[in-house]
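Engineer: Chains as they are written, first to last, in this note's numbering: chain L, 3 to 196; chain U, -13 to 220. We treat Cβ as the ideally placed atom computed from N, Cα and C, and that holds for glycine. Remember, it's a predicted structure, so these values are computed and weren't measured experimentally. First the structure, which I've put down as C-alpha cells, then a few questions once you've had a look.
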C-alpha cells in the first residue's frame, strides 16, 4: 500500500518486466517484433491505451466497490479497454491519417493484448492509489514497449545472418526471446537491494 | 471495429480459411493445434506451464470457456451487427470467464492461487477471440461447440507437453511425484521464464524436424516409384 513510487516503477519496468518475466502480451511480442518501425509504433500506442484505460478502470473500480458489484470486474474492465482502443483508433484516424494507415491492422489487436487487461487487474489486486496506479501503468507499458523494441532490433540483425532453415520463424524468435529473458533475470537482484 | 475479418488474429495463417471443411473436433486437436501450429494463446502457454498440474487445470479452464462462449456466440450470431461483433464476442467470453473464475475458486483454492491472474486473462487470450471470429461467428451451434472442445483440448494437450518438459527437468518430479531419486540436481532454469521460451522452442523445432523428415521420405518414395515405373515401361 505505502510502496514508494520509484519501487513500483523499477519493479514493473525491469524486475518483473511484463513481457519477459510474466509473459503478458506474448502474441504481439512474437508477432509484431519483426520490424523496428512497426514495433515501436505498436509499443507507443499500447502505452497510450494502457495508461488511459488504467486510470479509467481505477475510477470505475471505486463505483464497483461502492455498489458491491466486484464480480463484474472482468467484464467492465474489458469493456473499458475496448472503448479506449476504439477511441484511440478514431483519434489517430482524425489527426494523422498517415499513421492510421500504417497502424490500421494492429490497432484492434490491442484489445486482445493480455498486458492491457493485466494492468487494471494487478492495480486492483494490490490496491494502489490513483498516483501509484498511474506510475505502475506507465512503467508496465514502458517495459512492454522496451522489450518489443529490443527484440525487433535483434531480429532485424538475425534476418541478415545464416540460420538453419529448420529453425527459421517462431522457433528462432522464441530462442532470441529466451536469451533476452535471461538478461532480464539479472535485474531480479535489484528487487532485494532497493 | 470496422476492420475486415481476420484482423483480430495475431498471426493470420492461410490455412484458417479451410477449417470449415475439415472435421471441427480433430482439426483443433492435432492438425491445427492452437499452440504448435497456429502459435496462438502464448501468454498462458508460457506462464502457467511450470508444472503439469497447473498446465492441465489451465487447459481445462480454457476449454470450458471456449465451449460455453462459442455455443452462446453461435446462437446469437445472426443478431450481431457486423461492426460491433468483436466487442460482443469479448463481452460473451468475459461472462464465461467470470463463471470459470468462481468455479475454480470453489473447486480448489491451491489451483486458484497458482493460476492467479491468468484466469481472468483468458478473456484477452488471442486464441479464444480468434476462433470466435474465424469459426463460431459463422457456423451452427453444435459444430461451434465441437470446435471449441477440440481447440480447447488441443490447447490443454500442448500445455501438458510443455509442463511435462519443464516440471521433469526443472524440479525432477511428475505431478509432484519425484522420479529421479535423491541425487538429481534440478535444472531450475526450466522453471524460470527463460525455460518457458526454450522448451516451447524445442517442441516447435522437433515438430518441424519430424515434418521435414516425413516429407523427405514421401518425396523419396515417390521418386522410387517413378523410377520403377519408367524401368518397367522400357
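1) Taking 7 Å as the threshold (C-beta atoms), are residue 67 of chain U and residue 141 of chain U in contact?
2) Tell me, please, whether the stretch 21 to 28 of chain L touches the stretch 107 to 118 of chain L by the rule of three or more beta-carbon pairs shorter than 8 Å.
3) Strictly by DSSP, which residues pair up with residue 160 of chain U?
4) Starting from the Cα of residue 84 of chain L, find the closest Cα among L:101, L:58, L:113 and L:104 and give me that residue.
5) Does the stretch 9 to 26 of chain U come close enough to the stretch 76 to 93 of chain U to have 3 or more Cβ pairs within less than 8 Å?
6) Against chain U, with Cβ distances strictly below 7 Å, would residue 190 of chain L count as a contact?
7) Excluding five sequence neighbours on each side, which residues of the same chain lie with their C-beta closer than 7 Å to the C-beta of residue 100 of chain U?
8) Along the stretch 110 to 131 of chain L, where does the CB come closer than 8 Å to a CB of chain U? Name the residues.
9) In chain order, which alpha helix (DSSP H) runs of at least 4 residues are fully inside the stretch 77 to 123 of chain U?
10) Check whether the stretch 134 to 151 of chain U and the stretch 82 to 94 of chain U are in contact - that is, three or more C-beta pairs closer than 8 Å.
11) Output yes or no for whether 7 Å exceeds the beta carbon distance between residue 35 of chain L and residue 157 of chain L.
12) Inspect the beta-carbon positions of residue 138 of chain L and residue 10 of chain L and report whether they are closer than 7 Å.
13) For residue 134 of chain L, which of helix, strand or coil comes out of DSSP?
14) For residue 195 of chain U, which residues from the same chain have a beta carbon less than 7 Å from its beta carbon, with the 5 sequence-adjacent residues on both sides left out?
15) Since residue 23 of chain L is in the alpha helix (DSSP H), which residue starts that stretch and which ends it?
16) I need the DSSP call for residue 67 of chain U, collapsed to helix, strand or coil.
17) Would you identify the three-state DSSP class for residue 178 of chain L, choosing helix, strand or coil?
18) List, in chain order, every chain U residue whose beta-carbon is nearer than 9 Å to that of residue 65 of chain L.
19) For the stretch 14 to 26 of chain U, which residues have a beta carbon sitting closer than 9 Å to at least one beta carbon of chain L?
20) May I ask which residues mark the beginning and end of the alpha helix (DSSP H) holding residue 38 of chain L?
21) Under 8 Å Cβ-Cβ, which residues of chain L neighbour residue 184 of chain U?
22) In the DSSP assignment, find the alpha helix (DSSP H) that holds residue 16 of chain U and state where it starts and stops.
23) Would you mind telling me which residues of chain L sit closer than 8 Å to residue 41 of chain U, beta carbon to beta carbon, in chain order?
24) Using a cut-off of 8 Å between C-beta atoms, extract the partners of residue 180 of chain U located in chain L.
25) Give the range of the alpha helix (DSSP H) segment to which residue 9 of chain L is assigned.
26) Could you check where the alpha helix (DSSP H) with residue 51 of chain U kicks off and where it finishes?
27) Quick one: is residue 147 of chain L near chain U, going by C-beta distance under 7 Å?
28) Quick one: is residue 4 of chain U near chain L, going by C-beta distance under 7 Å?
29) Is it the case that the Cβ atoms of residue 58 of chain L and residue 82 of chain L are separated by a distance below 7 Å?
30) Taking residue 81 of chain U as the query, report the chain L residues whose CB atoms sit under 8 Å from its CB, ordered along the chain.
31) Which chain L residues sit within Cβ distance under 8 Å of residue 109 of chain U?
32) In whole angstroms, what separates the C-alpha of residue 190 of chain L from that of residue 177 of chain U?
33) Is the beta carbon of residue 59 of chain U closer than 7 Å to that of residue 122 of chain U?
34) Using the rule of at least 16 other Cβ atoms within 10 Å of the residue's Cβ for burial, across every protein chain shown, is residue 237 of chain U buried or exposed?
35) Spell out whether any CB of chain L is found under 7 Å from the CB atom of residue 112 of chain U.
36) What does the alpha-carbon distance come out to for the pair residue 160 of chain U and residue 62 of chain L?
Structural biologist: Let me spell this out:
1) No; because the gap between Cβ atoms is not below 7 Å, this pair is not in contact.
2) With a cut-off of 8 Å, the stretch 107 to 118 of chain L and the stretch 21 to 28 of chain L count as touching, because enough Cβ pairs lie within range.
3) Beta-bridge partners assigned by DSSP to residue 160 of chain U: U:163.
4) Sorting L:101, L:58, L:113 and L:104 by C-alpha distance to the C-alpha of residue 84 of chain L places L:113 at the top.
5) When Cβ pairs closer than 8 Å are counted between the two stretches, the stretch 9 to 26 of chain U is seen not to touch the stretch 76 to 93 of chain U, the count staying below three.
6) No, residue 190 of chain L does not count as interfacial toward chain U.
7) For residue 100 of chain U, where only same-chain residues beyond five positions count, the Cβ hits under 7 Å are 40.
8) Hits within the stretch, in order: 110, 111, 113, 114, 115, 116, 118, 119, 120, 123, 124 and 127.
9) Counting only runs of 4 or more, we get 95 to 101 and 112 to 117.
10) Not touching, per the Cβ criterion.
11) It is a contact, given that the beta carbons lie within the stated cut-off.
12) Yes, these two residues count as a Cβ contact at 7 Å.
13) Note: residue 134 of chain L maps to helix in three-state DSSP.
14) Cβ-Cβ distances below 7 Å link residue 195 of chain U to nothing in the same chain once the five nearest sequence neighbours on each side are left out.
15) No alpha helix (DSSP H) contains residue 23 of chain L, which DSSP labels as neither H nor E.
16) In the structure shown, residue 67 of chain U adopts coil according to DSSP, grouped into three states.
17) The DSSP-derived three-state label of residue 178 of chain L is helix.
18) In chain order: nothing, as chain U lies at least about 18 Å away.
19) Cβ contacts with chain L come from 25 and 26.
20) It spans 38 to 68 - the alpha helix (DSSP H) in which residue 38 of chain L sits, taken as one unbroken run.
21) Within 8 Å Cβ-Cβ: 176, 177 and 180.
22) Annotation: residue 16 of chain U is outside any alpha helix (DSSP H) and is labelled neither H nor E by DSSP.
23) Against chain L, the beta carbon of residue 41 of chain U has no neighbour under 8 Å; the closest one sits roughly 14 Å away.
24) Ordered by position in chain L, the residues that pass the 8 Å Cβ test against residue 180 of chain U are 180, 181, 183, 184 and 187.
25) First-last of the alpha helix (DSSP H) with residue 9 of chain L: 7 to 12.
26) Note, residue 51 of chain U: alpha helix (DSSP H), 38 to 61.
27) It does not: the Cβ of residue 147 of chain L has no partner Cβ on chain U nearer than 7 Å.
28) Any answer about residue 4 of chain U is weak, because its pLDDT of 45 lies below 50 and its placement is not dependable; what the coordinates show is given next. So no, residue 4 of chain U is outside the interface.
29) Pairing residue 58 of chain L with residue 82 of chain L gives a Cβ-Cβ distance under 7 Å.
30) Within chain L, the residues near residue 81 of chain U are 77.
31) By Cβ distance, chain L contributes 76, 80 and 119.
32) Each residue's CA atom was taken as its position, placing residue 190 of chain L and residue 177 of chain U some 15 Å apart.
33) It is a contact, given that the beta carbons lie within the stated cut-off.
34) Past the boundaries of the shown model lies residue 237 of chain U; chain U is included only from -13 to 220, so the question cannot be answered.
35) Yes - at least one Cβ of chain L is within 7 Å of the one on residue 112 of chain U.
36) Looking at the two C-alpha atoms, the distance is approximately 43 Å.
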